[in-house]
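*Asks:* Quick note on my numbering: the sequence shown kicks off at 331 and runs consecutively. Every residue, glycine too, gets a C-beta built ideally from N, C-alpha and C. Fair warning: this is a prediction, and the values are worked out from it, not measured in the lab. Sending over a structure as structure tokens; questions will come in a sec.
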Amino acid sequence: MERILLEYPEKEIALITLNRPEKLNALDTKTRMEISSALDEVEERARVLIITGKGKAFAAGADINELSKRTPFEYIRLSKYGTWLNNRIENLDIPVIAAVNGYALGGGCELAMACDIRIASERAKFGQPELNLGIMPGVGATQRLPRLVGLGMAKKLVFTGEIIDAHEAFRIGLVEEVVEHERLMERCFEIAKTIAGKPPLAIKMAKRALNATRTMGLEDGLRYEVALASLLFSTEDAKEGLRAFLERREPEFKGK
Ligand code: CO8
Numbered sequence: 331m332e333r334i335l336l337e338y339p340e341k342e343i344a345l346i347t348l349n350r351p352e353k354l355n356a357l358d359t360k361t362r363m364e365i366s367s368a369l370d371e372v373e374e375r376a377r378v379l380i381i382t383g384k385g386k387a388f389a390a391g392a393d394i395n396e397l398s399k400r401t402p403f404e405y406i407r408l409s410k411y412g413t414w415l416n417n418r419i420e421n422l423d424i425p426v427i428a429a430v431n432g433y434a435l436g437g438g439c440e441l442a443m444a445c446d447i448r449i450a451s452e453r454a455k456f457g458q459p460e461l462n463l464g465i466m467p468g469v470g471a472t473q474r475l476p477r478l479v480g481l482g483m484a485k486k487l488v489f490t491g492e493i494i495d496a497h498e499a500f501r502i503g504l505v506e507e508v509v510e511h512e513r514l515m516e517r518c519f520e521i522a523k524t525i526a527g528k529p530p531l532a533i534k535m536a537k538r539a540l541n542a543t544r545t546m547g548l549e550d551g552l553r554y555e556v557a558l559a560s561l562l563f564s565t566e567d568a569k570e571g572l573r574a575f576l577e578r579r580e581p582e583f584k585g586k
């Protein structure tokens, strides 16, 4: 891998670091392909994934240099591939935490939004500045941003290209927590460890049910929740969790 680092710093916790700091981790096709192949491994080996960026950016967007060389026809493939990759992250069987260490702009903000949880350093900055370049968001922002911050706020950010700081991102619901820059990774690992201690099948089913809110109405979503919850109830982990509570001991989950 040239554009990313893939590590397992803690048991069952994977860390992907976008590693092209000299270009503010701009997301070119090579980077996206490396993320994609890392995901195949991570989904097998880890219970939680953290994505962050090296240097002063999480990712400053799609690689403008690469974009500028593409024909409209070639753009379709880029846009579809970036969208596919963000969907793959969103639908990964394990939770994904974005540790937003700096600029998360354009495609970088879209990548953060595809993650399940966003924790921002006080140095993080967010925005969808595509319109300044005469283009528009192409890998998810028009759909994910309104779902997180509301349609009006999403329109304001996309139409103005305004760059907002981490506290404003927290205020509007774009990130779940803001922490001191030095504590960013510590806090993300803290959350990751808590999640990794939960029964993995329950996490998987709960993530599926929660993600279904994107595509299902309330009635269908509630039916889907009943189906998944009923399936989960038949697992060994469910029996173990309930029994351990009654026996006043810590449960030992096996992912079965
Ligand atoms: N693409 C390529 N290179 C970049 C990018 C980028 N998005 N952002 C920064 N860089 C490069 C700079 O060109 C520079 O390289 P070099 O040193 O070789 O000249 C290096 O990174 C450092 O950048 P700056 O000198 O500009 O750093 P500053 O601290 O002065 O500024 C900013 C930081 C404000 C973040 C500034 O770099 C900036 O505005 N970057 C562009 C942000 C942007 O417009 N992002 C949106 C890109 S478009 C997009 O994401 C569309 C998504 C949909 C695409 C669908 C197909 C995949």
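Along the chain, where does the beta strand (DSSP E) that runs through residue 545 open and close?
*Replies:* It is not in any beta strand (DSSP E) - residue 545 carries neither H nor E in the DSSP assignment.
*Asks:* Measure the CB-CB distance between residue 375 and residue 338 and report whether it falls below 8 Å.
*Replies:* Cβ atoms of residue 375 and residue 338: closer than 8 Å.
*Asks:* Consult DSSP for residue 361 and reduce its assignment to one of helix, strand or coil.
*Replies:* In this structure, residue 361 counts as helix in the three-state DSSP scheme.
*Asks:* Return the chain-ordered list of same chain residues with a C-beta closer than 6 Å to the C-beta of residue 509, the five sequence neighbours on each side being excluded.
*Replies:* Excluding sequence neighbours, residue 509 sits near 517.
*Asks:* State the Cα-Cα distance for the pair residue 449 and residue 519, rounded to the nearest angstrom.
*Replies:* The straight-line gap from Cα to Cα measures roughly 11 Å.
*Asks:* What three-state label does DSSP hand residue 368 in the structure shown?
*Replies:* Correct three-state label for residue 368: helix.
*Asks:* At a cut-off of 7 Å, would you count residue 468 as near the ligand CO8, judging by its Cβ distance to the nearest heavy atom?
*Replies:* It does: the Cβ of residue 468 is within 7 Å (strictly closer) of some heavy atom of the ligand CO8.
*Asks:* Taking just the CA atoms, how far does residue 539 sit from residue 555?
*Replies:* If you take the alpha carbons of residue 555 and residue 539, they lie about 6 Å apart.
*Asks:* CA-CA distance, residue 457 and residue 485?
*Replies:* Spanning the two alpha carbons is a distance of roughly 12 Å.
*Asks:* Report the residue from 347, 525, 425 whose alpha carbon sits nearest the alpha carbon of residue 438.
*Replies:* Closest option to residue 438, Cα to Cα, is 347.
*Asks:* With a threshold of 7 Å (Cβ to nearest heavy atom), would residue 393 be considered close to the ligand CO8?
*Replies:* Answer for residue 393: yes, Cβ within range of the ligand CO8.
*Asks:* Should residue 333 go down as buried or exposed, given a rule of 16 or more other Cβ atoms within 10 Å for buried?
*Replies:* Its Cβ being crowded by 16 or more others within 10 Å, residue 333 is buried.
*Asks:* Does the distance from the C-beta atom of residue 435 to that of residue 459 stay below 8 Å?
*Replies:* Contact: yes.
*Asks:* What beta strand (DSSP E) runs, 3 residues minimum, are completely inside the region 487-524?
*Replies:* Listed in chain order, they are 507-509.
*Asks:* Is the beta carbon of residue 447 closer than 8 Å to that of residue 521?
*Replies:* Going by C-beta atoms, residue 521 is nearer than 8 Å to residue 447.
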